[in-house]
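Visitor: My questions all concern the structure below.
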Amino acid sequence: MAEAKSGDTIKMHYTGSLEDGTVFDSSEGRDPLEFELGSGQIIPGLDSALAGMGKGEEKTVTIPCDQAYGAHDPARIQSVPREQFPDHIPAEVGTQLQVQTPDGQAMPVVIADVSDTEVTLDANHPLAGRDLTFAVEIVEIS
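The opening position of the sequence shown corresponds to residue 2 in my numbering, with each subsequent residue numbered one higher.
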């Protein structure tokens, strides 16, 4: 049986969950995820965990946050004076927005807090700082 190695195209079914069992993503009901192993298309810890697996093999792995989306970085949280926040955008916790960086790049943020004077924006990935568990099944290796 061929074992998955860097450069191979992998198709896999997966379910990603948090420590409390909450599912944050799954391929259930969809085509398997297809990617090149070792290319950086998936988080590093999962990429490493899949190396050596064979077609039809299943396993569950826990990926520490430093091998997933990194630690939650307080430097990626910024408060904006309420008067500078556009009136046409609802200032509600959990609202996802895109802001433009000084170099013109679009960056996704989430409204983390709202007060009478400030709107706090969080540019961390929603899964930053979380260890992630993946149940995976290799469907195809080519």
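For each residue, glycine too, the CB sits at the ideal point set by N, CA and C.
Note that this is a predicted model, so its numbers are computed, not measured.
Taking buried to mean at least 16 other C-beta atoms within 10 Å of its own C-beta, is residue 25 buried or exposed?
Guide: Per the 10 Å Cβ criterion, exposed.
Visitor: With a threshold of 8 Å between beta-carbons, can residue 137 be considered close to chain B, or not?
Guide: Judged by its chain identifiers, the structure shown contains no chain B, having just a single protein chain.
Visitor: When the Cα atoms are used, what is the spatial distance from residue 11 to residue 52?
Guide: Computed Cα separation, rounded: 10 Å.
Visitor: Can you list the beta strand (DSSP E) stretches of 3 or more residues lying completely in the stretch 61-106, in chain order?
Guide: Those beta strand (DSSP E) runs which fall completely within the stretch 61-106 and span 3+ residues are 78-82, 97-101.
Visitor: Taking residue 32 as the reference, which of 9, 94, 15, 4 has the closest Cα?
Guide: That would be 15, whose Cα lies nearest to the Cα of residue 32.
Visitor: To the nearest angstrom, how far is the alpha carbon of residue 83 from that of residue 107?
Guide: Between residue 83 and residue 107, the C-alpha separation is close to 21 Å.
Visitor: Do residue 56 and residue 3 have their CB atoms nearer than 8 Å?
Guide: Yes, the Cβ-Cβ distance between residue 56 and residue 3 is below 8 Å.
Visitor: Looking only at its chain, what residues have a beta carbon closer than 6 Å to the beta carbon of residue 98, apart from the 5 residues adjacent to it on each side?
Guide: The answer, listed in chain order, is 110.
Visitor: Is residue 17 helix, strand or coil when you go by DSSP?
Guide: Three-state result, residue 17: strand.
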